[in-house]
Amino acid sequence: MVLTVDNESKKIIAAVQNGGRIEKYESIISGCENPVCTCETAYLDLIPTEVKDENKEQLPPRKVEIDIGDKSLGYKNKKKVPKEDLKFAELFLSQLDENDFQVLYRSHFAFKNKISEEAALDSIDGYFEYDEVEYNGLMSAYNDVLPYGDQLLVTINGKECIIIDQYCLLPKCPCTDTNLNIFSIDKVGKTGAELCFVSVNYRDKQWKIIEDCSFPITLKTVRTAIVGQVPNIYKQLRERHVKLKAIYAHCKKRDYSPKVEPQLPKVGRNDPCPCGSGKKYKKCCLRRTN
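If you're matching positions, the sequence shown starts at 7 in the working numbering and goes up one per residue.
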């Protein structure tokens, strides 16, 4: 194990075996600052603290990029990384175990979460299927728009679960409904099997099952668990809905051009048919529209 968290200071300390000595660094873990980016690259700034060596030589600070998902180096172009830095990064990566990756995952998520929740709404470049939203009422999930936004977590019947909350984004729609997809999660927060799908009206506090659950569970059990474990759940759902609608409205204004239905030319009964047949309109396409 390379990374340990100091209980008092909460600092993350990296201890790297390099040749015959142990090099220690304070690790500052961050990520890219785009709130909608789904990359899993953690940036580590390693500040030397001490060396267990008689010479006590001063170590240089290090920078390492780790792709947490692939458990590989996260550099986009290794050729641009100095050879000595790349060699150290490969040594660092080779010593990481599962506990280390959990530390990286939690720290990276915390950094991205802060970026996501504090970003100005008009600075968020969200992805939306505009035509589906506008014409078919497609709902969008909070954590699809903000992958590292605040998560709704709950335990139901002993299972650790994540709630994926979906909302209508039409600006003029007054609905106060949200659909909740409830999934199991693993030790590092990865989504597992879908367990339940319910609808909640956060204004009226009305709940209903949308689809049968994949494991024996009642709506009452689901509701009791969520209301009991997620503080101010109805307020949170309302605030998340308002936030998503604001992001959508901004992105739509900037990026979306509505469908324009083709305008047919006005044609008199005795005019040539616009289809090009050479017949009069009344003896051609007019017949098909009557």
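Think of the CB as a built atom: it goes at the ideal place given N, C-alpha and C, for glycine as much as any other residue.
Since we're looking at a predicted model, the values are computed, not measured.
Could you spell out where the alpha helix (DSSP H) holding residue i opens and where it closes?
i	result
Asp150	148-151
Lys89	89-100
Ile216	No alpha helix (DSSP H) holds Ile216; the beta strand (DSSP E) holding it covers 212-217.
Leu127	That residue, Leu127, is in no alpha helix (DSSP H); it is neither H nor E in DSSP.
Ile74	Looking at the DSSP string, Ile74 is not in any alpha helix (DSSP H), and its letter there is neither H nor E.
Please work out which residues of its chain come closer than 6 Å, Cβ to Cβ, to residue i, disregarding the five sequence neighbours upstream and downstream, and give them in chain order.
i	result
Glu138	Leu144
Pro268	Annotation note: pLDDT 49 at Pro268 (below 50); position unreliable, coordinate value reported separately. If we look at Pro268 and ignore the five residues flanking it on each side, it has no Cβ neighbours.
Lys251	Leu175
Glu71	Thr47, Tyr49, Gly80, Tyr81
Arg260	none
Ile18	Leu9, Val11, Ser33
Arg188	Per the sequence shown, the amino acid found at residue 188 is Ile instead of Arg. Around Ile188: Cys167, Ile169, Leu201, Cys202.
Leu102	Val8
Gln235	Val160
Ala125	Pro41
Asn296	In this predicted model, Asn296 has a pLDDT of only 49, less than 50, meaning its place in the structure is not dependable enough to derive any value.
Lys118	Gly37, Tyr154
Pro177	Ala255
Quick one: what does DSSP say residue i is sitting in, helix, strand or coil?
i	result
Glu166	strand
Asn207	strand
Lys226	helix
Tyr240	helix
Gly198	strand
Leu65	coil
Ser113	helix
Once you ignore the five residues that flank residue i on each side, which residues in its own chain have a CB closer than 7 Å to its CB?
i	result
Asp171	Ala147, Tyr148, Leu158, Thr184, Leu186, Leu243, Arg246
Glu135	Leu144
Asn24	Leu97
Glu14	none
Tyr262	Tyr136
Ile253	Leu127, Ile130, Gly132, Val151
At the level of alpha carbons, what is the spacing between residue i and residue j?
i	j	result
Tyr133	Leu127	13 Å
Tyr31	Phe107	17 Å
Tyr240	Val233	8 Å
Glu39	Ser122	8 Å
Leu52	Lys69	6 Å
Pro88	Asp76	22 Å
Pro153	Pro41	8 Å
Cys257	Ser129	9 Å
Ser113	Cys45	14 Å
Thr197	Ile162	15 Å
Leu92	Cys43	25 Å
Asp131	Ala116	20 Å
Asp228	Glu29	Here residue 228 is Val; the residue named in the question, Asp, does not match the sequence. Whole-angstrom Cα-Cα distance: 49 Å.
Lys16	Pro264	51 Å
Asp156	Val273	58 Å
Thr230	Ala199	21 Å
Ala21	Tyr173	46 Å
His27	Pro66	With the sequence shown as reference, residue 27 is identified as Arg, and His is not the correct amino acid for it. Rounded to whole angstroms, Arg27 to Pro66 spans 15 Å at the Cα level.
Lys320	Lys84	Residue 320 lies beyond the stretch modelled for the chain, which goes from 7 to 296, so this question has no answer here.
Please go through the same chain and pick out, in chain order, the residues whose beta-carbon is closer than 8 Å to the beta-carbon of residue i, but skip the five residues on each side of it.
i	result
Thr182	Asn207, Tyr208, Arg209, Asp210, Arg244, His247
Leu225	Val204, Trp213, Lys214, Ile215
Glu96	Leu79
Gln64	Pro54
Output the boundary residues of the beta strand (DSSP E) element that contains residue i.
i	result
Tyr136	Per DSSP, Tyr136 belongs to no beta strand (DSSP E); it is in the alpha helix (DSSP H), 136-142.
Val42	Here Val42 belongs to no beta strand (DSSP E), and DSSP marks it neither H nor E.
Leu175	Per DSSP, Leu175 belongs to no beta strand (DSSP E) and is neither H nor E.
Gln23	18-24
Thr184	183-191
Arg27	27-36
Val11	9-11
I'd like to know whether the C-beta of residue i is nearer than 8 Å to at least one C-beta of chain B.
i	result
Arg244	Of the chains in the structure shown, none is chain B; there is only one protein chain.
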